[in-house]
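K.L.:
Residue numbers (our numbering), protein chains in the order written: chain V, 2 to 158; chain U, 212 to 312.
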C-alpha cells in the first residue's frame, strides 16, 4: 500500500469471473504521513481509505468482468460500517462480490478482514464508461501486472 | 399483483424520499420529480432487481442524445412502465432482448 498515492491493493489472491468474486491482499505500511495526523500517538487506517480499498478491490473485479474495455468509477457508498481499528503493519484481506450488473453501472458488496476479524464492509455502486484517456488505460495495465491480475481471466465470454 | 407503474412509483418514493401521492403516471422522473442521474442509478438497480431485467439505460441515453428519442419516451413514468413491461415480456419470451447496454 502507498496510502498517499491511493495505491491500496498489493496483490490479487483470487479472481473468479464465473462467481463474480475477487480476493485481494493489502499490506498496511508501518509508517505513512497519513498516520501522523490520523492520529498522533494512535495511528489507525482512516475509514475513507478502507472504503477506497474496498472500492479498488471491486474495481479490479469489474475490470476483469469488462475485459478492461471500460473503467469503473465509484458513484455510491451504502451501509459502510467500520467495525474495528486497522493498525499499521497489518495485512488486509479484502473480498468483493458483484451483486448486480446494470446498464452502465454495477453494484458490489465488499468486506475487509484482518485475519479472521471483520474490520469493515460496504455496498458500493459504480458507473462504468469507456476509458476516458489512454494514459489511464496504460496505468491500469501496469497496475494490473504489478498486483498479479490473472490475464487468463480476460478470456471469458 | 400491483401494476408496473405502482411498483415503479413505490420504488421511487422509497429510494428518493418523494411523497408517493405526488408521483403520477404523467410525472417526468427528471423534470417533474427532480430525480438526478445518481438517484436514477439507485432506481434502476431496484427496478432491475424487482423485475428481473436489465434496463438498457445507456442505449436509451444514447438514443436521446442522438435525437432518435425523447426523454419523455423513457422517463415519463407511464412510458417507463411500458418499456419495463416490454423488457419483461421479451425476457419471458426468451428473445434475449431484456438487457442491453
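Glycine included, every Cβ here is placed at the ideal spot set by N, Cα and C.
(1) Rank V/67, V/85, V/75, V/59 by C-alpha distance to the C-alpha of residue 165 of chain V and give the top, closest one.
(2) Would you tell me roughly how many angstroms separate the C-alpha atoms of residue 156 of chain V and residue 19 of chain V, rounded to the nearest one?
(3) Assuming residue 215 of chain U is part of the alpha helix (DSSP H), what are its boundary residues?
(4) Could you have a look at residue 75 of chain V and say whether DSSP puts it in helix, strand or coil?
(5) Could you give the DSSP three-state label for residue 20 of chain V: helix, strand or coil?
(6) For residue 130 of chain V, which residues from the same chain have a beta carbon less than 8 angstroms from its beta carbon, with the 5 sequence-adjacent residues on both sides left out?
(7) Drop a sphere of 10 angstroms on the beta-carbon of residue 147 of chain V, count the other beta-carbons inside from all chains shown, and report buried for 16 or more, exposed for fewer.
(8) For the candidate residues V/68, V/92, V/47, whose alpha-carbon lies nearest to that of residue 10 of chain V?
(9) What residues in its chain sit with their C-beta under 6 angstroms from that of residue 44 of chain V, if we drop five residues either side in the sequence?
(10) List, from N- to C-terminal side, the alpha helix (DSSP H) runs of 4 residues or more that fit wholly inside the region 231-312 of chain U.
(11) Using a Cβ cut-off of 9 angstroms, which residues of the region 268-284 of chain U contact any Cβ in chain V, in chain order?
(12) For residue 7 of chain V, count the other beta carbons within 10 Å of its own beta carbon; 16 or more makes it buried, fewer makes it exposed. Which is it?
(13) Within the region 46-130 of chain V, note down every full alpha helix (DSSP H) run reaching 4 residues or more, in order along the chain.
(14) Is residue 289 of chain U near residue 236 of chain U, with beta carbons less than 7 angstroms apart?
(15) Going by other Cβ atoms of all chains shown within 10 Å of its Cβ, with 16 needed for buried, is residue 263 of chain U buried or exposed?
(16) Tell me whether the beta-carbon of residue 48 of chain V lies closer than 7 angstroms to the beta-carbon of residue 83 of chain V.
(17) Could you check what DSSP says for residue 29 of chain V in three-state terms: helix, strand or coil?
(18) For residue 8 of chain V, which beta-bridge partners are listed by DSSP?
(19) So residue 108 of chain V contacts chain U; which residues on that side make the cut at Cβ distance below 8 angstroms?
P.N.:
So, from the data block:
(1) Given a span of 2 to 158 for chain V in the structure shown, any question on residue 165 of chain V remains unanswerable.
(2) By one-based count along the first chain, residue 156 of chain V stands at place 155. By one-based count along the first chain, residue 19 of chain V stands at place 18. Distance between the alpha carbons of residue 156 of chain V and residue 19 of chain V: 12 angstroms.
(3) Stepping through the second chain from its first residue, residue 215 of chain U is reached at position 4. Counting along the chain, the unbroken alpha helix (DSSP H) around residue 215 of chain U starts and ends at 215-227.
(4) Taking the first residue of the first chain as 1, we reach residue 75 of chain V at position 74. DSSP, reduced to helix, strand and coil, places residue 75 of chain V within a strand of the structure shown.
(5) Position 19 of the first chain, counted from the first residue, corresponds to residue 20 of chain V. Look at residue 20 of chain V here: in three-state DSSP terms it is coil, with no helix or strand label.
(6) As a position in the first chain, residue 130 of chain V is number 129, starting the count at 1. Closer than 8 angstroms at Cβ, skipping near neighbours: 71, 72, 74, 105.
(7) As a working note, residue 147 of chain V is residue 146 in the first chain. That one is exposed.
(8) On the first chain, residue 10 of chain V is found 9 positions in, with the first residue counted as 1. Residue 10 of chain V has its Cα closest to that of V/92, out of V/68, V/92, V/47.
(9) Working through the first chain from its first residue, we reach residue 44 of chain V at position 43. Within the same chain, residue 44 of chain V has close Cβ partners 36, 89.
(10) As far as the region 231-312 of chain U is concerned, its whole alpha helix (DSSP H) runs of at least 4 residues are 248-262, 268-276, 282-286, 288-304.
(11) The residues in question are 268, 269, 270, 271, 272.
(12) As a working mapping, residue 7 of chain V is identified with position 6 in the first chain. By the neighbour-count rule (16 or more Cβ atoms within 10 Å), residue 7 of chain V is not buried but exposed.
(13) As far as the region 46-130 of chain V is concerned, its whole alpha helix (DSSP H) runs of at least 4 residues are 48-66.
(14) Numbered from its first residue, the second chain carries residue 289 of chain U at position 78. Numbered from its first residue, the second chain carries residue 236 of chain U at position 25. With contacts defined by Cβ atoms closer than 7 angstroms, residue 289 of chain U and residue 236 of chain U form a contacting pair.
(15) Translated into positions along the second chain, residue 263 of chain U becomes position 52. With fewer than 16 other Cβ atoms from the protein chains shown falling within 10 Å of its own Cβ, residue 263 of chain U counts as exposed.
(16) As a first step, residue 48 of chain V is located in the first chain; it is residue number 47 there, counting from the start. As a first step, residue 83 of chain V is located in the first chain; it is residue number 82 there, counting from the start. Result yes, Cβ atoms of residue 48 of chain V and residue 83 of chain V sit closer than 7 angstroms.
(17) By 1-based counting over the first chain, the position of residue 29 of chain V is 28. Coil, per DSSP.
(18) Against the first chain, residue 8 of chain V aligns to sequence position 7. DSSP output for residue 8 of chain V lists V/3 as bridge partner(s).
(19) Position 107 of the first chain, counted from the start, is the residue given in the question as residue 108 of chain V. Chain U residues near residue 108 of chain V: 256.
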